[in-house]
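*Asks:* Below you will find the structure I want to go over with you.
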Amino acid sequence: MKRYFFILPFFLLFLSCHESDKQRITRLVTEWQGKEILFPDEMVFSRYATDAVEWPVWEADYKVLVYVDSLGCISCKLQLPKWKEWITQVDSITDGYVPFLFFFQSSDQKEIRHLLKRDDFDYPVCLDREDQLNKLNNFPSDITFQTFLLDKDNRVVSIGNPIHNLAVKDLYLKQIIGSLTPSTSNQPIRTTAEAEQTEINLGSFEKNESKTAVFTLRNTGEKPLVIMDTATTCGCASPSFELKIA
């Protein structure tokens, strides 16, 4: 009986110390907001991890920092085709004035070169073999919080991956556009929606096997619903949708 008496307080302590996802996100955003990002003294940017190029980016009012560690599937994390699309969108809005700083923590130059050429991603990247950038800043281990919007002083304005999260993408654009953001009187029409299912278990996969899942959204608001874009947290998944009014 005494054994349970001593175990219970530790169990309750564990429960009280457990951090919810919402609390963790709030903590990370608060912790990194306004924090200055430190960069290594020597950085080499190159195209296709081969041809070194000069990359004068430090005078820009805003810059996007993308850190990618070597854990797990690098290709899944990167989703380079979606980055290409978004960089093109930002360039069209800012005349190319917002630079993107890609840091890959990897010593496998051959693999990185293969990924860049496969996706025809010719944007300059820095191959950080010694993980110097992370050692200077101690980034979160969660890929969701390894991308930052920085101001001209390299301080964090926003944190989050705009490729994985449409709300973060919208936040970045609003920060970048600044005074060009439409006034409240010109805000786009918004509605509400509800998904019949938010999660589907596809089970295990055989090699080269593909599976399909269908998610249905129902317009629960009073205004028309149009899906303009989708995002996934893994490059192995390919979403598609009908561009029509509901």
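Per numbering that gives the first Met the number 0, the sequence shown starts with residue 0, numbered consecutively.
C-beta atoms are modelled at their ideal positions from N, C-alpha and C, and glycine is treated no differently.
1. Give the secondary structure of Lys-151 by DSSP, where H, G and I count as helix, E and B as strand, and everything else as coil.
2. Measuring alpha carbon to alpha carbon, tell me which residue in Phe-204, Arg-217, Leu-149 and Lys-173 is nearest Thr-191.
3. Taking the beta carbon of Lys-134 as the centre, do at least 16 other beta carbons fall within 10 Å, making it buried, or is it exposed?
4. Okay, do the region 21-33 and the region 97-112 touch, 3+ Cβ pairs below 8 Å being the bar?
5. Considering only the alpha carbon of each residue, which of Asp-130, Ile-92 and Gln-78 lies closest to Asp-119?
6. Within 10 Å of its beta-carbon, does Asn-137 have 16 or more other beta-carbons around it, so buried, or fewer, so exposed?
7. In whole angstroms, what separates the C-alpha of Phe-251 from that of Tyr-61?
8. Could you have a look at Arg-217 and say whether DSSP puts it in helix, strand or coil?
9. Please tell me whether Gln-145 and Ser-157 are closer than 8 Å, where the distance is taken between their beta carbons.
10. Taking buried to mean at least 16 other C-beta atoms within 10 Å of its own C-beta, is Asp-127 buried or exposed?
11. Rounded to a whole number of angstroms, what is the C-alpha to C-alpha distance between Gly-159 and Glu-205?
*Replies:* Taking the definition as stated:
1. Mapped onto the sequence shown, residue 151 falls at position 152. Reduced to three states, the DSSP call for Lys-151 is coil.
2. Locating residue 191 in the sequence shown gives position 192, where the first residue counts as 1. Distance check between Thr-191 and each of Phe-204, Arg-217, Leu-149 and Lys-173 places Arg-217 closest, using alpha-carbon atoms only.
3. As a working note, residue 134 is residue 135 in the sequence shown. Exposed.
4. No, the region 21-33 does not touch the region 97-112.
5. To locate residue 119, count along the sequence shown from 1; it is residue 120. It is Gln-78.
6. Mapped onto the sequence shown, residue 137 falls at position 138. Asn-137 should be labelled exposed.
7. Shown here, the chain extends from 0 to 245; a query on residue 251 therefore has no answer.
8. Position 218 of the sequence shown, counted from the first residue, corresponds to residue 217. Here Arg-217 sits in strand by DSSP.
9. The residue you call residue 145 lines up with position 146 of the sequence shown. The residue you call residue 157 lines up with position 158 of the sequence shown. Against a cut-off of 8 Å, the Cβ pair of Ser-157 and Gln-145 comes out as no contact.
10. The residue given as residue 127 occupies position 128 in the sequence shown. Around the beta carbon of Asp-127, a 10 Å sphere encloses 16 or more other beta carbons of the protein chains shown; the residue is thus reported as buried.
11. For this step, residue 159 is matched to residue 160 along the sequence shown. For this step, residue 205 is matched to residue 206 along the sequence shown. Whole-angstrom Cα-Cα distance: 33 Å.
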